[in-house]
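2 protein chains.
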Amino acid sequence: MPQQKKISFQDVRDEVMRRIEARVWPQGALLPTEAELAEEFGCARATVNRALRELADRGVIDRKRKSGTRVATLPVKQAKLEIATSRKLVEERNATYRFALVSREMRVAPGWVISQMQLAAGTEVLHLEGMHYADGQPFHFEDRWINIAAVPDSAEADYAETPPGEWLLAAVPFSNAEVSFGATSADAALAEYLACAPGAALFQMERSTWFQEEPVTFARMTFHPGYRMRSRY
Amino acid sequence: MPQQKKISFQDVRDEVMRRIEARVWPQGALLPTEAELAEEFGCARATVNRALRELADRGVIDRKRKSGTRVATLPVKQAKLEIATSRKLVEERNATYRFALVSREMRVAPGWVISQMQLAAGTEVLHLEGMHYADGQPFHFEDRWINIAAVPDSAEADYAETPPGEWLLAAVPFSNAEVSFGATSADAALAEYLACAPGAALFQMERSTWFQEEPVTFARMTFHPGYRMRSRY
DNA sequence: TAGTGGTCTAGACCACAAG
DNA sequence: TTGTGGTCTAGACCACTAC
Numbered sequence: 001m002p003q004q005k006k007i008s009f010q011d012v013r014d015e016v017m018r019r020i021e022a023r024v025w026p027q028g029a030l031l032p033t034e035a036e037l038a039e040e041f042g043c044a045r046a047t048v049n050r051a052l053r054e055l056a057d058r059g060v061i062d063r064k065r066k067s068g069t070r071v072a073t074l075p076v077k078q079a080k081l082e083i084a085t086s087r088k089l090v091e092e093r094n095a096t097y098r099f100a101l102v103s104r105e106m107r108v109a110p111g112w113v114i115s116q117m118q119l120a121a122g123t124e125v126l127h128l129e130g131m132h133y134a135d136g137q138p139f140h141f142e143d144r145w146i147n148i149a150a151v152p153d154s155a156e157a158d159y160a161e162t163p164p165g166e167w168l169l170a171a172v173p174f175s176n177a178e179v180s181f182g183a184t185s186a187d188a189a190l191a192e193y194l195a196c197a198p199g200a201a202l203f204q205m206e207r208s209t210w211f212q213e214e215p216v217t218f219a220r221m222t223f224h225p226g227y228r229m230r231s232r233y
Numbered sequence: 001m002p003q004q005k006k007i008s009f010q011d012v013r014d015e016v017m018r019r020i021e022a023r024v025w026p027q028g029a030l031l032p033t034e035a036e037l038a039e040e041f042g043c044a045r046a047t048v049n050r051a052l053r054e055l056a057d058r059g060v061i062d063r064k065r066k067s068g069t070r071v072a073t074l075p076v077k078q079a080k081l082e083i084a085t086s087r088k089l090v091e092e093r094n095a096t097y098r099f100a101l102v103s104r105e106m107r108v109a110p111g112w113v114i115s116q117m118q119l120a121a122g123t124e125v126l127h128l129e130g131m132h133y134a135d136g137q138p139f140h141f142e143d144r145w146i147n148i149a150a151v152p153d154s155a156e157a158d159y160a161e162t163p164p165g166e167w168l169l170a171a172v173p174f175s176n177a178e179v180s181f182g183a184t185s186a187d188a189a190l191a192e193y194l195a196c197a198p199g200a201a202l203f204q205m206e207r208s209t210w211f212q213e214e215p216v217t218f219a220r221m222t223f224h225p226g227y228r229m230r231s232r233y
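Protein chains in written order, with the UniProt record's numbering: chain S, 1 to 233; chain H, 1 to 233.
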């Protein structure tokens, strides 16, 4: 190994990873202390710390004060799912994106939306329905509910061509969210929108969003038959 | 703000986050340089760097050398999906877990598995089918293919009660994987295993796993009707 | 109580990219 | 060319926890 350059935290991280994969340090094994590794690699302890911290974030190792660093026995792998806009999903496939607003109404939120968004009973919400297309083919149907109290401007916004997801992302950029994935059967309306047979199995994503503890929106996206959401990790 | 203790990188991170949410720094805005923030907060630049690095990892800000740090315009939110073992999924619901092996055979991999796992044509693989139960209720059906060349012991292992997923995780702990989610209709066999009507919409997860560039296994998990996979971010 | 990781500092040099 | 983030260092103190 060329000692010309300084050892980077990535060098340390990768070498530690290599040893774990090669079973130099098998599952559950105790690794040397940061100080020992720093001496071995000829770098500062902070460098080793940064390297091991990244591996701990990935779930590859477990760290505890006093007891030391161990190779994780059941590596908790995490898939990072990027939740992008529909436009991005479509354009990543080199397809042309188009959105069409289907319906729009102000109404008192129904019970299941009250419950889903954790709203007060009787809250007025904006209900939108729309279709997302990729190269003119149905991509997914969107059923969205917006708490206008949280985003007053949303009642006046024009969603005819800018999908509500993008509009909200621009208006309320940072928030925490809850997402869930499942499957549903196409009812008559979905079958028509998605150009599929009634009863077809459809992939569905639901997302509830909050901004500073206040419920903002709930969206249910139902995708065309055969759609799969992918990720690497 | 109490100046008694040293400023931690978390203090800096949270305060920067607060200002972004409060629109002190709106979307696309240029933040002060690390040096300026360090001076304002009365801490070292390394501390500011760590704080901003975490926000950049989350996708909240974009950082570029020379041009500086900006509030992300389209926050690329990432959902961290923990891909745990089936046992963990079930036990998190305070249910009793049970696995049952349904079938087991050695065979030449069919074309779609060859393609899915990127195997050489004619490769011998171990094909397993099994059911996972939660409190005796069908949880999901597993259709798994194992490249025995990558994990020779796997051909001899006993999967009668230890699900192949857990066995492999112990034998080949660290690898990279590709995962996808979708929906499928219950065929006759799935309907029977999952105790549901034929044609029911089912949530499906597929995962291909490699260990050091060598394909290890492909698994298709088909869940009971109504199952949803959840995550926060 | 002592060992180990967690963090902060002050300074330094490097790497990338806008002008 | 120069400003900005990216990283490393050497040292220090702190916080948690097994003993």
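Heads up, the beta-carbon is just placed ideally off N, CA and C, and yes, glycines get one too. Source: prediction; values computed, not measured.
- [ ] Kindly indicate which residue of H:Ser175, H:Ala191, H:His132 has the alpha-carbon position closest to the one of Thr217 (chain H).
- [x] Along the second sequence, read from residue 1 onward, the residue named residue 217 (chain H) stands at position 217. Comparing Cα positions, the closest option is H:Ser175.
- [ ] Return helix, strand or coil for Val179 (chain S), following the three-state DSSP convention.
- [x] Along the first sequence, read from residue 1 onward, the residue named residue 179 (chain S) stands at position 179. The three-state reading of DSSP puts Val179 (chain S) in strand, counting E and B together.
Task: Cβ-based contacts, 7 angstroms cut-off: residues of the segment 135–156 of chain H near chain S - done: none
Task: Cα-Cα separation between Pro225 (chain S) and Tyr159 (chain S), rounded to whole angstroms - done: Within the first sequence, the letter at position 225 stands for residue 225 (chain S). Within the first sequence, the letter at position 159 stands for residue 159 (chain S). Between Pro225 (chain S) and Tyr159 (chain S), the C-alpha separation is close to 26 angstroms.
Task: Closer than 8 angstroms at the beta carbon, the chain S residues around Val179 (chain H) - done: As a first step, residue 179 (chain H) is located in the second sequence; it is residue number 179 there, counting from the start. Residues of chain S passing the Cβ test: Ala79, Arg230, Ser231, Arg232, Tyr233.
TODO: Give the secondary structure of Glu92 (chain H) by DSSP, where H, G and I count as helix, E and B as strand, and everything else as coil.
DONE: The count along the second sequence starts at 1 and reaches residue 92 (chain H) at position 92. Correct three-state label for Glu92 (chain H): coil.
Task: Beta-carbon separation (whole angstroms), residue 242 (chain H) vs Phe141 (chain H), contact threshold 8 angstroms - done: This structure gives no information on residue 242 (chain H), because the portion of chain H shown stretches from 1 to 233.
Open item on the list: Among the candidates S:Arg70, S:Ile83, S:Glu124, S:Glu40, whose CA atom is the shortest distance from the CA of Leu74 (chain H)?
Closed with: One-based indexing of the second sequence puts residue 74 (chain H) at position 74. The shortest C-alpha separation from Leu74 (chain H) is found at S:Ile83.
Task: CB contact below 8 angstroms: Thr69 (chain S) versus chain H - done: Walking along the first sequence from the start, residue 69 (chain S) turns up at place 69. No, Thr69 (chain S) does not count as interfacial toward chain H.
- [ ] Determine the DSSP secondary structure at Tyr227 (chain H), reduced to helix, strand or coil.
- [x] Indexing the second sequence from 1 puts residue 227 (chain H) at position 227. DSSP places Tyr227 (chain H) in coil when its eight states are reduced to three.
TODO: Drop a sphere of 10 angstroms on the beta-carbon of Gly111 (chain S), count the other beta-carbons inside from all chains shown, and report buried for 16 or more, exposed for fewer.
DONE: Taking the first sequence and counting its residues from 1, one reaches residue 111 (chain S) at position 111. Its Cβ having fewer than 16 others within 10 Å, Gly111 (chain S) is exposed.
Open item on the list: Just to confirm my understanding: we take Glu178 (chain S), look at its own chain, exclude 5 residues before and 5 after, and list those with CB closer than 6 angstroms. What are they?
Closed with: For the purposes of this step, residue 178 (chain S) is taken as residue 178 along the first sequence, with counting starting at 1. Ser208, listed in sequence order.
- [ ] Could you tell me the distance, in whole angstroms, from the CA atom of Arg93 (chain H) to the CA atom of Gly42 (chain H)?
- [x] On the second sequence, residue 93 (chain H) is found 93 positions in, with the first residue counted as 1. On the second sequence, residue 42 (chain H) is found 42 positions in, with the first residue counted as 1. C-alpha separation (whole angstroms): 46 angstroms.
Open item on the list: If the cut-off is 9 angstroms on Cβ atoms, which residues from the segment 162–191 of chain H count as contacting chain S, listed in chain order?
Closed with: Glu166, Leu169, Ala170, Pro173, Phe174, Ser175, Asn176, Ala177, Glu178, Val179, Ser180, Phe181, Gly182, Ala183, Thr184, Ser185, Ala186
TODO: Could you have a look at Gln27 (chain H) and say whether DSSP puts it in helix, strand or coil?
DONE: Here residue 27 (chain H) corresponds to residue number 27 of the second sequence, with the count starting at 1. Here Gln27 (chain H) sits in coil by DSSP.
Open item on the list: Quick check on Gln204 (chain S): does DSSP put it in helix, strand or coil?
Closed with: By one-based count along the first sequence, residue 204 (chain S) stands at place 204. DSSP places Gln204 (chain S) in strand when its eight states are reduced to three.
Open item on the list: For a test of the three-state rule: what should DSSP assign to Ala191 (chain H), helix, strand or coil?
Closed with: Position 191 of the second sequence, counted from the first residue, corresponds to residue 191 (chain H). Looking at Ala191 (chain H) - three-state DSSP - the assignment turns out to be helix.
Task: Three-pair Cβ contact test at 8 angstroms for the segment 94–107 of chain H versus the segment 153–171 of chain H - done: At 8 angstroms Cβ cutoff, the stretches touch.
TODO: Could you tell me whether any Cβ in chain H is nearer than 8 angstroms to the Cβ of Ile114 (chain S)?
DONE: The sequence position of residue 114 (chain S) within the first sequence is 114, counting from 1. Not one chain H Cβ lies under 8 angstroms of Ile114 (chain S).
Open item on the list: Using only CA atoms, which one of S:Ala171, S:Arg87, S:Glu34 lies nearest to Phe211 (chain S)?
Closed with: Taking the first sequence and counting its residues from 1, the one referred to as residue 211 (chain S) is at position 211. Of the listed residues, the one whose Cα sits closest to Phe211 (chain S) is S:Ala171.
Open item on the list: What ranges does the alpha helix (DSSP H) occupy inside the UniProt domain "HTH gntR-type" (6–74) of chain H, keeping only unbroken runs of at least 4 residues that lie completely in it?
Closed with: 9–21, 34–41, 45–58
Task: Residues sharing a beta bridge with Tyr233 (chain S), DSSP - done: The sequence position of residue 233 (chain S) within the first sequence is 233, counting from 1. DSSP output for Tyr233 (chain S) lists no bridge partner at all.
Task: Cβ neighbours of Lys77 (chain H) in the same chain (closer than 7 angstroms, five flanking residues each side left out) - done: Counting from 1 along the second sequence, the entry for residue 77 (chain H) is found at position 77. If we look at Lys77 (chain H) and ignore the five residues flanking it on each side, its Cβ neighbours are Gly59, Tyr233.
Task: Length of the line joining the Cα atoms of Ala155 (chain S) and Leu126 (chain S) - done: For the purposes of this step, residue 155 (chain S) is taken as residue 155 along the first sequence, with counting starting at 1. For the purposes of this step, residue 126 (chain S) is taken as residue 126 along the first sequence, with counting starting at 1. Straight-line spacing of the CA atoms in Ala155 (chain S) and Leu126 (chain S) works out to 7 angstroms.
Task: Interface residues of chain H facing Tyr159 (chain S) [CB-CB closer than 8 angstroms] - done: Within the first sequence, numbered from 1, the residue matching residue 159 (chain S) stands at position 159. Under the 8 angstroms cutoff, chain H gives no residues; its nearest Cβ is about 18 angstroms from Tyr159 (chain S).
- [ ] Report yes if the CB atom of Ile61 (chain H) is closer than 8 angstroms to the CB atom of Val71 (chain H), and no otherwise.
- [x] Residue 61 (chain H) sits at position 61 when you count from the first residue of the second sequence. Residue 71 (chain H) sits at position 71 when you count from the first residue of the second sequence. Contact: yes.
Task: Given Ser67 (chain S) as reference, the closest of S:Thr33, S:Arg53, S:His132 once Cα atoms are compared - done: Mapped onto the first sequence, residue 67 (chain S) falls at position 67. Of the listed residues, the one whose Cα sits closest to Ser67 (chain S) is S:Thr33.
Open item on the list: I'd like to know if the segment 115–130 of chain S and the segment 142–149 of chain S are in contact, where contact means that at least 3 CB-CB pairs between them fall below 8 angstroms.
Closed with: yes
Task: Contacts that Ala201 (chain H) makes with chain S (C-beta to C-beta distance below 7 angstroms) - done: Here residue 201 (chain H) is taken as the residue at index 201 of the second sequence, counted from 1. Residues of chain S passing the Cβ test: Ala183, Thr184, Ser185, Ala201, Leu202.
TODO: Note down, in chain order, every chain S residue with its Cβ under 9 angstroms from the Cβ of Tyr227 (chain H).
DONE: Taking the first residue of the second sequence as 1, we reach residue 227 (chain H) at position 227. Taking a Cβ-Cβ threshold of 9 angstroms, the residues of chain S close to Tyr227 (chain H) are Gly182, Ala183, in chain order.
TODO: At 7 angstroms on the CB atoms, spell out the chain H contacts of Ile20 (chain S), in chain order.
DONE: Here residue 20 (chain S) refers to the residue found at position 20 of the first sequence. Ordered by position in chain H, the residues that pass the 7 angstroms Cβ test against Ile20 (chain S) are Phe174.
Task: Burial state of Val12 (chain H), where buried means 16 or more other Cβ atoms lie within 10 Å - done: Residue mapping note: residue 12 (chain H) aligns to position 12 of the second sequence, counting from 1. Answer is buried; the Cβ neighbour count reaches 16.
TODO: Would you mind reading off the limits of the beta strand (DSSP E) that contains Val82 (chain S)?
DONE: The residue labelled residue 82 (chain S) in the question sits at position 82 within the first sequence. The question names Val, but residue 82 (chain S) in the sequence shown is Glu. Per DSSP, Glu82 (chain S) belongs to the beta strand (DSSP E) from 77–83.
Task: Ser116 (chain H) versus Trp167 (chain H) - alpha carbon distance - done: Taking the first residue of the second sequence as position 1, residue 116 (chain H) is located at position 116. Taking the first residue of the second sequence as position 1, residue 167 (chain H) is located at position 167. The amino acid occupying residue 116 (chain H) in the given sequence is Gln; Ser does not appear at that position. Roughly 21 angstroms separates the two Cα atoms.
Task: Under the three-state DSSP convention, the category Glu156 (chain H) falls into - done: Here residue 156 (chain H) refers to the residue found at position 156 of the second sequence. The answer is coil: DSSP assigns Glu156 (chain H) none of H, G, I, E or B.
Open item on the list: Going by DSSP, what residue range makes up the beta strand (DSSP E) through Pro198 (chain H)?
Closed with: Translated into the one-based positions of the second sequence, residue 198 (chain H) becomes position 198. In the DSSP assignment, Pro198 (chain H) falls outside any beta strand (DSSP E) and carries neither an H nor an E.
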